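So the structure is just underneath, and the comments pick up after that.
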Amino acid sequence: MTASPLLYLQSGGPTAVLNASAQGVIEAARRLDLPLYAARDGLAGLVKGELVDTTRATDAEIARLSTLPGASFGVSRHMLPTWEEAPQEWLALRDVLERHDIHHLLINGGNGSIGCAARFVEFEQHTGYPLRVIGIPKTIDNDLVGTDFSPGFPSAARFLATQMREVAVDMASMAQRRIFIMETMGRHTGWLAASTAAAAQYAGDAPQLILLPEATFDAERFLRKVRQSLDEHGHCAIAVAEGLEGADGRPLAEFRPDATYGHEQLGGVGTWLAGLVKRELGMTSHVAQVDCLQRAARHLASAVDLRLAHQAGSTAVEWAVNGKQGVMTAFARRATDTPSWEVEPVPLASIGDRERRMPAEFIDADNLWVTPAYLDYLRPLLAGPAAVPWDKDGLPDCRAIDWVSI
Ligand code: F6P
């Protein structure tokens with residue numbers, strides 16, 4: 001192994017299959033007999049020169065990697081400025097890369113991270129140091145443009161739909177009328193809240209209402225539908241996206257407006273809705289803010305998601321060594337009876353720092369549910385369980401891998 005090492009990093013929020021992409025990257029590098037380093041804590045670690053050598057891990061450890069939730073190398077919300085804003089930060093990065101003779105960088109992240117990856121495309125032009133960069137998609141929010149879906153979303157969706165289906169049975173068991181509100185993540189998009197629609201096996205099944213940031217929230221229509229559901233079913237299950245907006249286009253609830261990574265931290269709209277229901281209908285609700293549970297639930301991951309996350313990683317290595325530059329391993333769907341996906345290069349500059357919201361054709365006319373077209377889009381992504389190893393106590397085996405620092 002004499003070639004210069006590739007560098008891989010994970011960036012942004014973790015997903016249940018982020019480590020499957022890492023596994024794809026590492027296995028491809030091993031197959032091609034290429035050394036591979038990884039940055040600790042994503043871009044924050046890269047800036048500080050905190051790297052690990054993946055070649056020091058055993059094959060058994062790499063085989064276990066895709067069964068672990070979280071981000072095995074660590075992630076951060078660190079963002080990079082433009083060259084014009086802070087050339088000294090880019091020159092410091094050049095020092096780190098040059099010290100380790102790294103000329104290939106693989107960035108695995110969501111829209112902010114892919115935006116940073118896009119800034120590396122002009123690295124050579126600004127610093128004189130040759131560098132190829134490839135992006136690997138990842139985000140439970142499913143809001144990356146240029147790709148049919150983002151790895152991580154199908155698994156979070158499978159978790160949410162499973163929880164919604166099971167809670168519906170719980171609600172139906174109770175003699176008293178009951179309102180259940182499930183608040184999902186997703187930032188300014190409703191892909192995750194919408195995924196709970198897959199829980200409904202028959203028309204009218206839970207969730208009875210789905211509230212999306214892409215659809216204007218109308219309190220009167222909402223309350224009318226809640227009453228109607230209570231009369232018809234004796235209960236009402238509501239899925240709400242954390243980014244649900246009021247008429248002014250602002251999220252109805254912000255948990256921490258001054259979040260450090262440049263976006264406000266959303267959260268709390270489920271409790272806000274429960275307050276509305278209490279005031280207007282005099283009823284209490286159960287509220288579940290699912291929060292990080294939906295992105296950590298590796299035990300309920302989708303097999304399709306796991307397989308394609310791995311493929312996005314291995315393809316990125318092949319493209320990097322074959323000379324591709326400045327593209328992301330995006331997914332294009334081949335719609336046949338059984339949909340399949342191909343990995344296609346999409347320029348990083350056309351993806352980064354943008355946000356794909358749910359299109360109108362996926363939102364029901366009354367703005368309180370999804371259309372059959374959305375379910376046709378979603379269902380193939382949920383297919384198949386992705387097994388995890390269980391420990392002697394019957395819990396998922398989540399032992400961390402101890403990466404060796406350089
Ligand atoms: O980007 C994924 C995501 O899970 C969003 O859905 C959520 O709003 C955000 O991350 C939370 O970020 P953090 O864990 O950094 O607070």
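Per UniProt numbering, the sequence shown starts with residue 1, numbered consecutively. Where a beta carbon is used, it is the ideal one built from N, C-alpha and C, also for glycine. Note that this is a predicted model, so its numbers are computed, not measured.
If you drop the 5 nearest sequence neighbours on each side, which residues of the same chain put their C-beta closer than 6 angstroms to that of residue i?
i	result
residue 130	103 and 124
residue 70	14
residue 54	26, 36 and 38
Which word fits residue i, buried or exposed, when buried means at least 16 other C-beta atoms lie within 10 angstroms of its C-beta?
i	result
residue 359	exposed
residue 392	exposed
residue 110	buried
residue 133	buried
residue 19	buried
residue 390	exposed
residue 169	exposed
residue 152	buried
residue 334	exposed
residue 314	buried
Using CA coordinates, which residue listed in the options is at the minimum distance from residue i?
i	options	result
residue 43	76, 302, 291 and 62	76
residue 284	272, 371, 73 and 394	272
residue 160	172, 149, 195 and 347	195
residue 225	240, 72 and 208	208
residue 93	62, 110, 116 and 65	116
residue 254	183, 199 and 309	183
residue 192	246, 291, 233 and 65	291
residue 413	49, 154 and 120	Residue 413 cannot be examined here, being either before or after the span of the chain that is shown, 1 to 406.
residue 189	147, 244, 230 and 99	244
residue 83	322, 179, 122 and 369	122
residue 11	27, 45 and 37	45
residue 65	309, 321 and 379	309
residue 7	85, 99, 79 and 78	99
residue 158	341, 347, 383 and 138	383
residue 239	270, 220 and 85	270
residue 74	86, 59, 61 and 51	51
residue 179	296, 167, 89 and 185	167
residue 233	177, 187, 276 and 277	177
Would you report the Cα separation of residue i and residue j, rounded to the nearest angstrom?
i	j	result
residue 216	residue 357	13 angstroms
residue 218	residue 236	17 angstroms
residue 212	residue 223	16 angstroms
residue 251	residue 371	23 angstroms
residue 293	residue 128	44 angstroms
residue 21	residue 316	10 angstroms
residue 261	residue 35	Unreliable placement is indicated for residue 261, whose pLDDT of 49 sits below 50; no coordinate value is reported for it.
residue 353	residue 282	43 angstroms
residue 205	residue 199	8 angstroms
residue 181	residue 365	22 angstroms
residue 108	residue 41	12 angstroms
residue 162	residue 280	30 angstroms
residue 373	residue 48	46 angstroms
residue 29	residue 385	27 angstroms
residue 164	residue 32	44 angstroms
residue 375	residue 171	24 angstroms
residue 267	residue 367	21 angstroms
residue 249	residue 97	43 angstroms
residue 175	residue 9	51 angstroms
residue 398	residue 17	13 angstroms
residue 61	residue 401	7 angstroms
residue 387	residue 63	13 angstroms
residue 145	residue 187	15 angstroms
Output the boundary residues of the alpha helix (DSSP H) element that contains residue i.
i	result
residue 294	293 to 296
residue 446	Nothing in the structure corresponds to residue 446, since the chain is present only between 1 and 406.
residue 367	Per DSSP, residue 367 belongs to no alpha helix (DSSP H) and is neither H nor E.
residue 272	269 to 281
residue 26	18 to 31
residue 64	59 to 65
residue 314	303 to 321
residue 286	Residue 286 -> not in any alpha helix (DSSP H); beta strand (DSSP E) instead, spanning 286 to 289.
Note down, in chain order, each residue of its chain lying with its Cβ closer than 8 angstroms to the Cβ of residue i, except the 5 sequence neighbours on either side.
i	result
residue 345	319, 324, 327, 328, 329 and 330
residue 56	403 and 404
residue 377	362
residue 101	4 and 5
residue 246	217 and 252
Can you list, in chain order, the residues of its chain with a C-beta nearer than 7 angstroms to that of residue i? Leave out the 5 residues immediately preceding and following it.
i	result
residue 149	142, 331 and 381
residue 439	Outside the modelled stretch of the chain, which goes from 1 to 406, sits residue 439, for which no answer is possible.
residue 274	181, 285 and 287
Taking the beta strand (DSSP E) that residue i falls in, what are its first and last residues?
i	result
residue 164	Element bounds for residue 164: not the beta strand (DSSP E) but the alpha helix (DSSP H), 153 to 173.
residue 418	Here the chain has residues from 1 to 406 only, and residue 418 is not among them.
residue 235	235 to 241
residue 88	Not the beta strand (DSSP E): residue 88 falls in the alpha helix (DSSP H), residues 87 to 99.
residue 36	36 to 39
residue 330	327 to 334
residue 388	Element bounds for residue 388: n/a, residue is neither H nor E.
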